[in-house]
Structures are given as structure tokens and as C-alpha cells.
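S.K.:
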Amino acid sequence: MIKPSTFSIVAYDSQTESWGIAIASKFLAVGSVVPWLSSNAGAIATQSYANTLFGIDGIKLLTTGISAEGCFKEISKSDQDLDLRQVGIVDKFGGSFTFTGKQCHDWAGGIAQPGYAIQGNLLASQNVILEMEKAYLASEGDLADKLYAALKAGDLAGGDKRGRQSAALRIVKTGAGYGGFSDNLIDFRVDNEADPIGKLADMMELRHLYYDHSPMEEKIPIDETLIRNLTPLLIRKGHLSIVNFNRNEFLQALSDFIGYENFEDRFDPINQTLDKPVYEYILRTY
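As C-alpha cells, then:
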């Protein structure tokens, strides 16, 4: 059996009431096997000859309010190969638990503290876990930024000693999915890359580009300079058909372009401003 020898962090953010997991491994599509999450329940990482029933059954148990350790005791009762397993759990209240079976390949182990559990197997050294914890606690960003910081630190410390192949970052929060129809706040997967954490970094950067909101001092007015800089693009993209146009026609063309490119959250047609990071990205990219 191929094993997802993995380093992962499972965490709970009490301020936003969200749960997340970040993982990386020399294993194809690790994000399809290891992470299991449910809003208002908790999160589970099952790895090292992963028993995915730990995720399926464990999430059901966590929904009842059982503790992370209590959940593990229940889901592990019938597993005949428990010594091969590694698990990290954070429950709905932020309680945490990590387990490493005696037959997990060195280096293998984990850390569990209130709000997070970090674990890995077949790692370069224990330092992978220790550096992940340091980075997670030191990061000043939101939960996604903190999880990514931990993952990157683990990779820099040696990560999976066999090499790199895939990574994933998932976060759930009630009603935080697209349109408010699901709880999937973030579901990023890099399934087969030479530098999966680098690719994940690109996705994180785009996440901020599309979904952040600029403070007032970072908003660019739709002035003559902006109009002059963006007019060739809008003509090239077919949103403006003539060179001689009035301001309202330009604003409509810009609004159309912004909609096509999914930057609606960064454009204010009423106050006629465009967030600076998006403006700079447009000038740099298109």
C-alpha cells in the first residue's frame, strides 16, 4: 500500500469560528486523502497508511461535541493496523489531539496544543514539526495565512525526506463558501508539482488579490491617468469599440472588464475607484 507520508497542521480559529488543515507530501493528490473538515464540528488529518474511515466516522463524532481525544479513542477501536496510523484532530471547541503509531516511519511525531495539532511522518527530522509550530504562532495573518506559514516552514526545514509532490489547504466556516451556499471557505489543492508549496503560494496570492478589500488610502480614483492607461486594454478586449468615448462609456467598459475578470469586490463604480493591487496587477498582466 502506498502511504501518504505527510506533514500537516490542523487548527481552529476561535475568533472566526473556522477550522483548517494544511498538508504537504511526496504523494499524489494528498489533499484527496488526508483532510476531513466540517464547520461547527472540527477537523481531522489522517495520514501514514491513512485510514479514511477516521475522517468519515470521526467528523460524525465531532459533530456531537465529543472531544478530540475522545473522538480518536472511538474511531481507533476497530483498527487492526493502528500502529501504522498517524492522526491529528481539533474538535469544535478547539481541543486538540495527535497520535503517531509505533510503526510510522522515522522521523515521526507530533505536537498538540489548544487550537492546533501538528504531525508528520517520514520527515527529515523533528525540526520540521518544531518550525511549523513556530511559524504558525508567529504569523499575524488570518487562519489561511497562518496555516500556509506553518506549511512553508515545514518545507524549509526539510519536510518529507523523500521530496515534494502535492499540497493542500482547506478551511471551513459556516456559510462562508461562494455565494453563502456552502461552508468551504478555501479549498486549494496542488496535486502533482515539483514545487507544490510554491504553487500553493501563488494561489494564496491570488486569493488576496481577488478577495481582499483595500483601505481608502489604497483606492485609485478613475482619473485621466487611469483612463489613459486602461483604454488600449479595454479596446483590445472588445469592451470599448471606439477611441472617442465619454466617461460613462469608459466606466461601463471598465465595469464589464472587471466583471469578466472576477474583480467585482475590488471595484467601486459608485465612488469610481479601483483597488490599487488590482490596478497594478492589470497593468502588469494584461
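Reading the sequence shown from the start, the letters are residues -14 to 271 in the working numbering.
Don't be surprised by glycine CBs; every beta carbon is placed ideally from N, CA and C.
(1) What's the call for H224, buried or exposed, on a 16-neighbour Cβ count within 10 Å?
(2) Grouping DSSP H, G and I as helix and E and B as strand, with all else coil, what is P262?
(3) What residue range does the alpha helix (DSSP H) around Q237 cover?
(4) Around the C-beta of V228, are 16 or more other C-beta atoms found within 10 angstroms, so that it is buried, or is it exposed?
(5) Would the region 125 to 132 count as touching the region 17 to 35 if we require 3 or more Cβ pairs under 8 Å?
(6) What is the DSSP secondary structure of I44, counted as helix, strand or coil?
(7) Kindly give me the distance between the Cβ atoms of A30 and I8, rounded to whole angstroms, as I take these residues to be in contact under 8 Å.
(8) Measure the C-alpha to C-alpha separation of I114 and I41 and round it to an integer number of angstroms.
(9) So, with DSSP's three-state summary, where would you put Y34?
(10) Mind reading off the beta-carbon distance from V72 to A28? Whole number of angstroms is fine, and I expect it under 8 Å.
(11) Pop quiz: A109 and R149 are said to be a contact at Cβ under 8 Å. What is the actual Cβ separation, rounded to whole angstroms?
(12) Less than 9 Å separating the beta-carbons of T49 and K158?
(13) Output the boundary residues of the alpha helix (DSSP H) element that contains K58.
(14) Across which residues does DSSP place P206 in a beta bridge pair?
(15) When we look at the beta-carbon of P20 and count the other beta-carbons within 10 Å, is it buried (16 or more) or exposed?
(16) What does DSSP give as the partner residues of G165 in its beta bridges?
(17) Provide the residue(s) that pair with W81 in DSSP beta bridges, ordered along the chain.
(18) Use the C-beta contact count for R232: other C-beta atoms within 10 angstroms, 16 or more gives buried, fewer gives exposed.
(19) Please determine if the region 178 to 197 and the region 133 to 147 are in contact, where contact requires at least 3 C-beta pairs separated by less than 8 Å.
(20) Taking C-alpha atoms, which residue in G5, Y(-3), F(-8), W4 lies nearest to A35?
(21) Throw me the rounded Cβ distance for the L194 and P262 pair, which I believe falls under 8 Å.
(22) For F173, which residues from the same chain have a beta carbon less than 7 Å from its beta carbon, with the 5 sequence-adjacent residues on both sides left out?
(23) Let's see if you can read the secondary structure: which residues bound the alpha helix (DSSP H) around D(-2)?
(24) Let's see if you can read the secondary structure: which residues bound the beta strand (DSSP E) around L22?
(25) Is it buried or exposed for F166, if we count other Cβ within 10 angstroms and need 16 for buried?
(26) Would you mind reading off the limits of the beta strand (DSSP E) that contains Y101?
(27) If you reduce the DSSP assignment to three classes, tell me which class V157 lands in.
(28) Here's the rule: buried if 16 or more other CB atoms are within 10 angstroms of the residue's CB, otherwise exposed. What is N247?
(29) With a cut-off of 8 Å on the beta carbons, I'd call L13 and N177 a contact; round off their distance for me.
(30) Hey, G80 and I60 are a contact pair by Cβ (cut 8 Å); roughly how many whole angstroms apart?
M.R.: According to the data block:
(1) Counting from 1 along the sequence shown, the entry for residue 224 is found at position 239. Per the 10 Å Cβ criterion, buried.
(2) On the sequence shown, position 277 is the one that residue 262 refers to. Correct three-state label for P262: helix.
(3) Walking along the sequence shown from the start, residue 237 turns up at place 252. Per DSSP, Q237 belongs to the alpha helix (DSSP H) from 232 to 245.
(4) For the purposes of this step, residue 228 is identified with residue 243 of the sequence shown, where counting begins at 1. When all chains shown are included, V228 counts as exposed.
(5) no
(6) Against the sequence shown, residue 44 aligns to sequence position 59. Helix.
(7) As a first step, residue 30 is located in the sequence shown; it is residue number 45 there, counting from the start. As a first step, residue 8 is located in the sequence shown; it is residue number 23 there, counting from the start. Contact holds; Cβ gap of about 6 Å.
(8) Here residue 114 refers to the residue found at position 129 of the sequence shown. Here residue 41 refers to the residue found at position 56 of the sequence shown. Cα-Cα distance, rounded: 26 Å.
(9) By one-based count along the sequence shown, residue 34 stands at place 49. Correct three-state label for Y34: coil.
(10) Position 87 of the sequence shown holds residue 72. Position 43 of the sequence shown holds residue 28. With a Cβ gap of about 11 Å, V72 and A28 do not count as contacting.
(11) Here residue 109 is taken as the residue at index 124 of the sequence shown, counted from 1. Here residue 149 is taken as the residue at index 164 of the sequence shown, counted from 1. That pair is no contact at about 12 Å.
(12) In the sequence shown, counting from the first residue as 1, residue 49 sits at position 64. In the sequence shown, counting from the first residue as 1, residue 158 sits at position 173. Cβ atoms of T49 and K158: not closer than 9 Å.
(13) Sequence index remark: in the sequence shown, residue 58 carries index 73 (1-based). Counting along the chain, the alpha helix (DSSP H) containing K58 begins and ends at 53 to 60.
(14) By one-based count along the sequence shown, residue 206 stands at place 221. Paired residues: T258.
(15) Here residue 20 is taken as the residue at index 35 of the sequence shown, counted from 1. P20 should be labelled buried.
(16) The residue labelled residue 165 in the question sits at position 180 within the sequence shown. DSSP lists no partner for G165.
(17) Within the sequence shown, the letter at position 96 stands for residue 81. A small correction: the amino acid at residue 81 is Ser; Trp does not occupy that position in the sequence shown. Partner(s): V75.
(18) For the purposes of this step, residue 232 is identified with residue 247 of the sequence shown, where counting begins at 1. It is exposed - the Cβ of R232 has fewer than 16 other Cβ atoms within 10 Å.
(19) yes
(20) Looking up residue 35 in the sequence shown gives position 50. The shortest C-alpha separation from A35 is found at F(-8).
(21) Walking along the sequence shown from the start, residue 194 turns up at place 209. Walking along the sequence shown from the start, residue 262 turns up at place 277. Confirmed, about 6 Å.
(22) Position 188 of the sequence shown, counted from the start, is the residue given in the question as residue 173. Answer for F173: A153, L154, L185, M188, listed in chain order.
(23) Residue numbering aside, residue -2 sits at position 13 when the sequence shown is read from its first letter. Taken as a continuous stretch (DSSP letters only), D(-2) belongs to no alpha helix (DSSP H), being part of the beta strand (DSSP E) at -9 to -2.
(24) Along the sequence shown, one-based indexing puts residue 22 at 37. From DSSP, the beta strand (DSSP E) with L22 extends over 20 to 23.
(25) Position 181 of the sequence shown, counting from 1, holds the residue named residue 166. Result: exposed.
(26) Residue mapping note: residue 101 aligns to position 116 of the sequence shown, counting from 1. 101 to 105 is the extent of the beta strand (DSSP E) around Y101.
(27) Numbered from its first residue, the sequence shown carries residue 157 at position 172. The three-state reading of DSSP puts V157 in strand, counting E and B together.
(28) Taking the sequence shown and counting its residues from 1, one reaches residue 247 at position 262. It is exposed - the Cβ of N247 has fewer than 16 other Cβ atoms within 10 Å.
(29) Locating residue 13 in the sequence shown gives position 28, counting from the first residue. Locating residue 177 in the sequence shown gives position 192, counting from the first residue. L13 to N177, Cβ: 6 Å. Contact.
(30) Residue mapping note: residue 80 aligns to position 95 of the sequence shown, counting from 1. Residue mapping note: residue 60 aligns to position 75 of the sequence shown, counting from 1. Rounded, the Cβ-Cβ distance is 15 Å, inconsistent with contact.
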